[in-house]
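When the letters of the sequence shown are read in order and numbered with the UniProt record's numbering, they come out as residues 1 to 134.
For every residue, glycine included, the Cβ atom is placed at its ideal position computed from N, Cα and C.
These numbers were taken from a predicted model, which means no experiment stands behind them.
The structure appears right after this line, and notes come after that.
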Amino acid sequence: MNTEALVEDCDAQLNDPQGYTQKWLADQKLPDRLPKDFDYRLASCRIEKLNGWDVPVVQFRAPEGNGFAKVYIIREDGRFDLKGLSNAQASHTTALVETGQGPFRGVTYVYVYTGGPGGLDQFLKGRNGRVDGA
1 MNTEALVEDC DAQLNDPQGY TQKWLADQKL PDRLPKDFDY RLASCRIEKL NGWDVPVVQF
61 RAPEGNGFAK VYIIREDGRF DLKGLSNAQA SHTTALVETG QGPFRGVTYV YVYTGGPGGL
121 DQFLKGRNGR VDGA
């Protein structure tokens, strides 16, 4: 284990969260940005198991409270049956399915987020009460 590399990686994410996330997405061989204009200062990136497969996920934590939004990025490569995918809602969470278009073609995005006030908007730039650049 190299602690020097760990702190350098964390510094990179802290200093340029959007650039860090874009590089992470590109390293996963995915479009280097997300279709929605998220506030990347709230982001963390990881891989999660979904039906036995590794799936890239960008998670956004609410600026206040315990809300979150997870963006599951699913390649349209036949590993998953995406035809049956649909929006869903439970008492506190919502799932929104978006098929990638244009530069996002070949990928399906599944946004799973807490309802809270404003739903997904609380994770977007300029929508969560934060001033850009703050």
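Measuring CA to CA, which of the options is closest to residue i?
{"i": "Thr108", "options": "Ala88, Thr93, Gly126, Asp77", "result": "Asp77"}
{"i": "Pro103", "options": "Ala5, Arg61, Lys29, Ala69", "result": "Lys29"}
{"i": "Ile74", "options": "Pro63, Gly65, Trp53", "result": "Trp53"}
{"i": "Phe38", "options": "Phe60, Asp27, Leu50", "result": "Phe60"}
{"i": "Gly106", "options": "Lys125, His92, Cys45, Phe80", "result": "Phe80"}
Determine the burial state of residue i: buried for a count of at least 16 other Cβ atoms within 10 Å of its Cβ, exposed for fewer.
{"i": "Thr21", "result": "buried"}
{"i": "Val7", "result": "exposed"}
{"i": "Gln13", "result": "buried"}
{"i": "Gln101", "result": "exposed"}
{"i": "Ala26", "result": "exposed"}
{"i": "Gln122", "result": "buried"}
Could you have a look at residue i and say whether DSSP puts it in helix, strand or coil?
{"i": "Ala88", "result": "strand"}
{"i": "Thr39", "result": "Here residue 39 is Asp; the residue named in the question, Thr, does not match the sequence. Coil, per DSSP."}
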